[in-house]
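**Student:** Residue numbers (the numbering used here), protein chains in the order written: chain A, 997 to 1242; chain B, 87 to 386; chain C, 3 to 316.
Ideal placement from N, C-alpha and C gives every residue a C-beta, glycine not left out.
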Amino acid sequence: MTALLQTQNLTLAFGGLVVANGIDFSLDEGERLAVIGQNGAGKTTFINICTGLLKPNEGSVRFAGDDITGHSPRSIVRRGMARSFQLPQLFLEHSVRECLQLAAVARQANLSSWKRLVSSSPDQEIDRMLDLISLRDRQHELCINLPEGQRKLLDVGMSLMLNPRLLILDEPTSGVSTEEKHGVMEILMRALDEQKVTAIFVEHDVDIVKRYATRVAAWINGAIAADGSPASVLADPTVKREVLGI
Amino acid sequence: MSRDIFILALLDGMSYAGLLFLVALGLTFIFGVVRILNVAHGSLYAFGGYGAASLGLWLGQGSDSALLSVSLLITGAIAVGIVMGTVLMLLLKRFQDRDPILQLLVTFGAFMIFEDVQRLVWGTQPYFVADVVNQMGTSELLGVVYMNYQLLFVPGTAVAVYFALKWFLNRTLTGKQIVAVTHDREVATALGINAKRIAYLTFVVGAVLGALGGALASPTTSLVPGIGADMIVLSFAVVASAGLGQITGALLTALMIGLSRSFCVYLAPEMEVVMPYLIMVLVLLARPQGLFTVAQARKI
Amino acid sequence: MMRSLMIAVICVAAVLGLALAFPWLKLPLILGLCYGLAALGIVVLLRAGQISFGHAMYACIAGYVVAFLGQRYPWLDGLLLIAAGTVASVLASMLIGAFVVRYREIFFGMLNLALSMVLFTVLGKFYNLTGGTDGLRINRPELLGFQLERAPFELSLLVLVLAISLLVIFGVQRFFESSGGQALAAIKTNETRLEYLGISARKVLWKGYVLSASLCGLSGSLFGLSQGLVTPEMGYWLRSGEFVFIAILGGAGHAIGAFVGALLYEFLKMYAAALVSGSWQLVLGVILIVIIYFLPKGLTGLLRKRKAAIGGGL
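#1: Between B/325, B/332, B/334, B/333, which lies nearest to residue 365 of chain B when the distance is taken from Cα to Cα?
#2: Could you pull out every residue in the same chain whose Cβ sits closer than 6 Å to the Cβ of residue 274 of chain C, ignoring the five residues on either side in sequence?
#3: If you measure from the beta carbon of residue 116 of chain C to each beta carbon in chain B, is any gap under 8 Å?
#4: Counting only C-beta atoms, is residue 319 of chain B closer than 8 Å to chain C at any point?
#5: Here's a check: name, in chain order, each residue in its chain whose Cβ is nearer than 8 Å to the Cβ of residue 1165 of chain A, leaving out the five neighbours to either side.
#6: Check for me: the beta strand (DSSP E) holding residue 1194 of chain A runs from which residue to which?
#7: Closer than 8 Å, Cβ to any Cβ of chain A: which residues of the segment 156 to 188 of chain C, in chain order?
#8: With 16 as the cutoff for other CB atoms within 10 Å, does residue 1226 of chain A come out buried or exposed?
#9: In the DSSP assignment, what residue or residues form a beta bridge with residue 1030 of chain A?
#10: Using the beta-carbon count (16 or more within 10 Å), is residue 49 of chain C buried or exposed?
#11: Suppose you measure from the CA of residue 1228 of chain A to the CA of residue 1130 of chain A; what does that come to, to the nearest Å?
#12: So, residue 164 of chain B versus residue 294 of chain B, is the Cβ gap smaller than 8 Å?
#13: Answer with buried or exposed for residue 1143 of chain A, where buried requires no fewer than 16 other C-beta atoms within 10 angstroms of its C-beta.
#14: Residues of the segment 44 to 69 of chain C with a CB closer than 8 Å to any CB of chain B: list them in chain order, please.
#15: Do you know offhand how far residue 224 of chain C's Cα is from residue 244 of chain C's?
#16: Could you name the residues of the segment 250 to 268 of chain B whose beta carbon sits closer than 8 Å to any beta carbon of chain C, in the order they occur along the chain?
#17: For residue 28 of chain C, is the classification buried or exposed, using 16 other Cβ atoms within 10 angstroms of its Cβ as the cut-off for buried?
#18: Given a cut-off of 8 Å on the beta-carbon distance, is the pair residue 34 of chain C and residue 268 of chain C in contact?
#19: Give a yes or no on whether the minimum CB-CB distance between residue 123 of chain C and chain B is below 8 Å.
#20: Would you please verify whether the beta carbon of residue 281 of chain C is less than 8 Å from any beta carbon of chain B?
#21: Three-state secondary structure (DSSP) at residue 999 of chain A?
#22: Would you call the CB atoms of residue 154 of chain C and residue 79 of chain C closer than 8 Å?
#23: Return the Cβ separation of residue 237 of chain B and residue 330 of chain B in integer angstroms, given the expectation that the two are a contact with Cβ distance under 8 Å.
#24: Counting Cβ pairs closer than 8 Å, one from the segment 199 to 211 of chain C and one from the segment 1102 to 1114 of chain A, do we hit at least three?
#25: So which residues on chain B does residue 109 of chain C lean against when the C-beta distance must stay under 7 Å?
#26: In the structure shown, what three-state DSSP assignment does residue 360 of chain B receive?
#27: Under the assumption that residue 109 of chain B contacts residue 317 of chain B (Cβ atoms under 8 Å), give the Cβ distance between them as a whole number of angstroms.
#28: Contact check, residue 240 of chain B vs residue 104 of chain B under 8 Å by CB: the rounded distance?
#29: Along the alpha helix (DSSP H) that carries residue 388 of chain B, what are the first and last residues, could you check?
#30: Apart from the five residues just before and just after residue 159 of chain B, which ones in its own chain have a Cβ nearer than 6 Å to its Cβ?
#31: Mind checking who residue 1112 of chain A pairs with in its DSSP beta bridge?
#32: Can you tell me whether residue 88 of chain B is buried or exposed? The criterion is at least 16 other CB atoms within 10 Å of its CB, across all chains shown.
#33: Is residue 101 of chain C closer than 8 Å to residue 206 of chain B when the C-beta atoms are compared?
#34: Using 8 Å as the cut-off, can you tell me whether the segment 1066 to 1079 of chain A makes contact with the segment 1046 to 1054 of chain A, which would need three or more C-beta pairs spanning the two stretches below that distance?
#35: For the segment 124 to 152 of chain C, which residues have a beta carbon sitting closer than 8 Å to at least one beta carbon of chain B?
#36: Run down chain C in chain order and give the residues with a C-beta less than 7 Å from the C-beta of residue 202 of chain B.
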């Protein structure tokens, strides 16, 4: 079976600063990978390269066997790899429902200059997603009025509307209050299960990692220092020292 | 192109560039520090010109002294700059936390108001007060006769102002504070710099420079309604091509535009007025941030 | 729907009523509606958070095409001339737009300004071709086969412009509510997100740009035909500024806003000119500043800056 996401010798440097150091990586369908590492270790850089925001100096990225190195974010999304953002990227002047509708229309790839947005996507589909991310009762609110946790959920919801095969979540619980964290994660994981989406999530919270990941990869200085089951990686002495600070 | 024509074009271009630079300098300086594109800068140019002409008519008649004429020009410019600069500053204070586009539209409104004020005060008949040009005499270079005013005085003043401003910004405390505010207003304020006072000072200096441009242009231009509108878009071409806020860049693009215009006059006269905007288009297409903008450090 | 229809009927009745009661108002009304069309073009771009300070160039291109054709082929019907002018500006915008939509905010505004000034200066200088600063005259062409005298010609044009305006308002408002129009609006708040949904923001903006330019072109054709004259002033930056002014005045909430703004603008111009004899710019300048001051919500809603970046680690 071809790996869903695969990188070979992925390298990127800004002047003297090496942010990606010849990374070889492979992810299969169905995995729930948690990416951990200190700030500046290169986790987000790796994601940005995979999702097309940055171009590597060397190496390649393959998605479902196809080479996507250097492709635009748009092209990569169309192939089935979506992402959510550390700072939720929403259409602040639109409502929750409208954001999902725009995502639905985007997936169908048929922007019309005549057909109304409200009638361009099946209501049931939008309702289902609203239920999945628990925002049904706030669906007509402008995004700008949502608290951080709900913004995160909407961000992921929009990406899920695209029916991706792989969803990369960049720190899905950062900025979310401690009481909300687990609630948000539960909702996210349930949504991912429902849609049968393979996921990579960048996380700092060890409890969340232990609870929700099937596999963990630890980043240190632009490279993967440890990769394996949560138990083994989290017990690794280098990881404990460099990443967890224990 | 004969050698004489070449030299003529070169000197014409430099003289014109000097004028362009002075006006553009005020515009780019204000933007650099206060981040406002002042459409009313064109009015400063116009009022500087009209003001200088009026002063010349009231106080300078009958005198043969170039020194007097120049003093009147400069005094007029400073007066106009301070008054109008303060007025604009007071107006913009009410909008200081708004979107920059709104601030730009406010200056556009101010420009419209000033246009009519100008018409009310000075009417629509052309003003032309050229005494100082004659008072400064002529020089002969390689067989061609030049007016000293355009050959030496205008470019000389432009260069002098450039160096004076540079010295002021780099060597004086106030100047350095201005530079600090330009780079990062928040941090500068946190360091105790009175950003409001700096903004006001910058505005007035920029306004005086704009008015000075107008004053120096007045002896060689016919002052009619509409020169403000023409000058603002022209100086904008200089500023945008250099990069908003770039002072040395503005000097160089003013030179570039001035020279391209003067050479066009001799080589392809129809293209003369088109050149500045053609250059602007080409620069913006190739390098939208301007020719001389240094890459800025990313702010989170 | 019923309400919109009623409003439309009232507006048409009001305009025609004014025109019949005060025949000298016909031309100002036509010109006012033309300004409305152009301002609506600006509004289209405002919804994407962009302002063009050079859109008068499309009105100018259309006007001059009408004048050229009208002079060379005087037998051409007026409606055909209007169509030709509009098509010319659409074609120009498709080409220019391809370059211009790579830029945002102030650079977008500046580039459009620069291009319009190139056009303006060229038109002013090439006297033999363009009539220079004097411009070109347009003789009254036939309308739908009828050669009309001045008064009926103006009345017919007024009816035509009214009809066009109503169709445009309906069509553009529909566009605003369409998925394409909403995607355009999304550019203003989060262009990156659009890309990450798989939508090409550039393509969406290009379509919006062409629409906005065609509205300005339509405006210019009608304007030139009504005045019987086209001059380089039609493409001057001050004219572009007027379009922006009216767009802001009217607001971007609904397509009719631009027309309300335009008629208000014309009315204020006339009133101010009568009151302070010729200092209408002063009055309008004050009004612009006052409006910007007191309608922060509306204007801020139009022009609010896009929120920040993707976030840490980039």
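**Tutor:** Well, looking at it:
#1: On the second sequence, residue 365 of chain B is found 279 positions in, with the first residue counted as 1. Comparing C-alpha distances from residue 365 of chain B to each of B/325, B/332, B/334, B/333 shows the shortest one belongs to B/325.
#2: As a working mapping, residue 274 of chain C is identified with position 272 in the third sequence. Residues of the same chain with a CB within less than 6 Å of the CB of residue 274 of chain C, apart from the 5 flanking positions on each side, are 282, 285 in chain order.
#3: For the purposes of this step, residue 116 of chain C is taken as residue 114 along the third sequence, with counting starting at 1. The beta carbon of residue 116 of chain C sits closer than 8 Å to some beta carbon of chain B.
#4: On the second sequence, residue 319 of chain B is found 233 positions in, with the first residue counted as 1. Taking Cβ atoms only, chain C reaches closer than 8 Å to residue 319 of chain B, which makes this a yes.
#5: Start at 1 with the first residue of the first sequence, and residue 1165 of chain A comes out as number 169. Within the same chain, residue 1165 of chain A has close Cβ partners 1079, 1080, 1152, 1184, 1195, 1196, 1197, 1198.
#6: Numbered from 1 along the first sequence, position 198 holds the residue referred to as residue 1194 of chain A. Segment 1194 to 1198, the beta strand (DSSP E) holding residue 1194 of chain A.
#7: Against chain A - using a Cβ distance shorter than 8 Å - the residues of the segment 156 to 188 of chain C are 176, 177, 179, 180, 181, 182, 183, 184, 185, 187, 188.
#8: Numbered from its first residue, the first sequence carries residue 1226 of chain A at position 230. That one is buried.
#9: For the purposes of this step, residue 1030 of chain A is identified with residue 34 of the first sequence, where counting begins at 1. For residue 1030 of chain A, the pairing in a beta bridge is given by DSSP as A/1197, A/1212.
#10: The residue you call residue 49 of chain C lines up with position 47 of the third sequence. Its Cβ being crowded by 16 or more others within 10 Å, residue 49 of chain C is buried.
#11: On the first sequence, residue 1228 of chain A is found 232 positions in, with the first residue counted as 1. On the first sequence, residue 1130 of chain A is found 134 positions in, with the first residue counted as 1. In a straight line, the C-alpha of residue 1228 of chain A is about 34 Å away from that of residue 1130 of chain A.
#12: Your numbering for residue 164 of chain B matches position 78 in the second sequence. Your numbering for residue 294 of chain B matches position 208 in the second sequence. Contact: yes.
#13: Numbered from 1 along the first sequence, position 147 holds the residue referred to as residue 1143 of chain A. Exposed, because fewer than 16 other Cβ atoms sit within 10 Å of the Cβ of residue 1143 of chain A.
#14: So the close ones are 53.
#15: Counting from 1 along the third sequence, the entry for residue 224 of chain C is found at position 222. Counting from 1 along the third sequence, the entry for residue 244 of chain C is found at position 242. Whole-angstrom Cα-Cα distance: 17 Å.
#16: The segment 250 to 268 of chain B vs chain C, Cβ under 8 Å: nothing.
#17: As a position in the third sequence, residue 28 of chain C is number 26, starting the count at 1. Buried, since its Cβ has 16 or more Cβ neighbours within 10 Å.
#18: Here residue 34 of chain C is taken as the residue at index 32 of the third sequence, counted from 1. Here residue 268 of chain C is taken as the residue at index 266 of the third sequence, counted from 1. Yes, they are a contact pair.
#19: Taking the third sequence and counting its residues from 1, the one referred to as residue 123 of chain C is at position 121. At least one C-beta of chain B is nearer than 8 Å to the C-beta of residue 123 of chain C.
#20: As a first step, residue 281 of chain C must be located in the third sequence, where it is residue number 279. Yes, residue 281 of chain C lies at the interface with chain B (some Cβ there is under 8 Å from its Cβ).
#21: Against the first sequence, residue 999 of chain A aligns to sequence position 3. In the three-state scheme derived from DSSP, where H, G and I count as helix and E and B as strand, residue 999 of chain A is classed as coil.
#22: For the purposes of this step, residue 154 of chain C is identified with residue 152 of the third sequence, where counting begins at 1. For the purposes of this step, residue 79 of chain C is identified with residue 77 of the third sequence, where counting begins at 1. No, Cβ-Cβ distance for residue 154 of chain C and residue 79 of chain C is not below 8 Å.
#23: In the second sequence, residue 237 of chain B corresponds to position 151, counting from 1. In the second sequence, residue 330 of chain B corresponds to position 244, counting from 1. Going by Cβ atoms, the distance from residue 237 of chain B to residue 330 of chain B rounds to 31 Å, so no, they are not a contact pair.
#24: Yes, the segment 199 to 211 of chain C touches the segment 1102 to 1114 of chain A.
#25: Start at 1 with the first residue of the third sequence, and residue 109 of chain C comes out as number 107. What residue 109 of chain C touches in chain B: 370, 374.
#26: In the second sequence, residue 360 of chain B corresponds to position 274, counting from 1. Reduced to three states, the DSSP call for residue 360 of chain B is coil.
#27: Translated into positions along the second sequence, residue 109 of chain B becomes position 23. Translated into positions along the second sequence, residue 317 of chain B becomes position 231. With a Cβ gap of about 6 Å, residue 109 of chain B and residue 317 of chain B count as contacting.
#28: Reading the second sequence from its first residue, position 154 is the one you call residue 240 of chain B. Reading the second sequence from its first residue, position 18 is the one you call residue 104 of chain B. Right, the Cβ-Cβ distance comes to about 5 Å (below 8 Å), so this counts as a contact.
#29: The shown model of chain B, from 87 to 386, leaves out residue 388 of chain B, and the question about it has no answer.
#30: Residue numbering aside, residue 159 of chain B sits at position 73 when the second sequence is read from its first letter. Hits under 6 Å: 138, 301.
#31: Numbered from its first residue, the first sequence carries residue 1112 of chain A at position 116. BP columns for residue 1112 of chain A point to C/180.
#32: Walking along the second sequence from the start, residue 88 of chain B turns up at place 2. By the neighbour-count rule (16 or more Cβ atoms within 10 Å), residue 88 of chain B is not buried but exposed.
#33: If you number the second sequence from 1, residue 206 of chain B lands on position 120. If you number the third sequence from 1, residue 101 of chain C lands on position 99. No, they are not a contact pair.
#34: Segments in contact, yes.
#35: Answer set for the segment 124 to 152 of chain C: 124, 126, 127, 128.
#36: To locate residue 202 of chain B, count along the second sequence from 1; it is residue 116. The contact set of residue 202 of chain B on chain C, defined by CB atoms closer than 7 Å, consists of 281, 283, 284 in chain order.
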